[in-house]
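In the numbering used here, the protein residues as written are 653 to 902.
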């Protein structure tokens, strides 16, 4: 986790102690920001929650205006997280301005929520391009996108090759040459890493995560997880589970 993220958490915990009221679930919020920065759209879909102003303070007595103010805060935070992860200042703030202006034109809270979801997914896709651009060929970038978009199911190289309109054998050779890892191993490694994120930031059980990521069995999930993370899912969760701060005052 970045220094910026740690400072962000610390500042919010300080406010929580000082103000004495229950804030929104920051573990899930941080997980969402980190997922956006990773460029993983599937992980973002797991952690993203509707824009909420409850527990964050009232910035306007008008509910719609209050939500728009919190939208602007959310846009600024996402932009800062993305800049910290490699997006240029110009691109991050241009995106922020575009989405804030779109939100400002909304006439209902539902419209603001829709633009917020659009913003989250838009930043995520831009971050994925930031991470992959200049490193891999266009075909491999598209292959990585395919994997990211299908992590919650069974990923076969034949299906990815069909999507790219190339042969499985050619994709296999190209993928290994550019990434240094076999296609199937990359898929397993990526699923294990996403499982680690879910174990850290979500309330899903081991078996739920196994099913969510399309593993054929719980035992196979444990085997793959231990191969890439060095410990079992249960051990990992015990070591790294992010605390649920919303339960402190309950």
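Glycine residues also receive a C-beta, built at the ideal position from the N, C-alpha and C atoms.
| Item | Value |
| --- | --- |
| Residue closest to residue 782, alpha-carbon to alpha-carbon, out of 869, 887, 681 and 690 | 690 |
| Residue interval of the alpha helix (DSSP H) (run including residue 883) | No alpha helix (DSSP H) contains residue 883, which DSSP labels as neither H nor E. |
| Three-state secondary structure (DSSP) of residue 759 | coil |
| Three-state secondary structure assigned by DSSP to residue 774 | helix |
| Where residue 784 falls: helix, strand or coil (DSSP) | helix |
| As assigned by DSSP and simplified to three states, the class of residue 626 | This structure cannot speak to residue 626, because the chain is shown only from 653 to 902. |
| Residue environment, residue 888, which counts as buried when at least 16 other CB atoms sit within 10 Å | buried |
| Cα-Cα separation between residue 795 and residue 719, rounded to whole angstroms | 38 Å |
| Same chain only: Cβ atoms within 6 Å of residue 685, ignoring 5 sequence neighbours per side | 733 |
| Residue 858, enclosing alpha helix (DSSP H) - first and last residue | 858-864 |
| Exposure of residue 776, with buried meaning 16 or more beta-carbon neighbours within 10 Å | buried |
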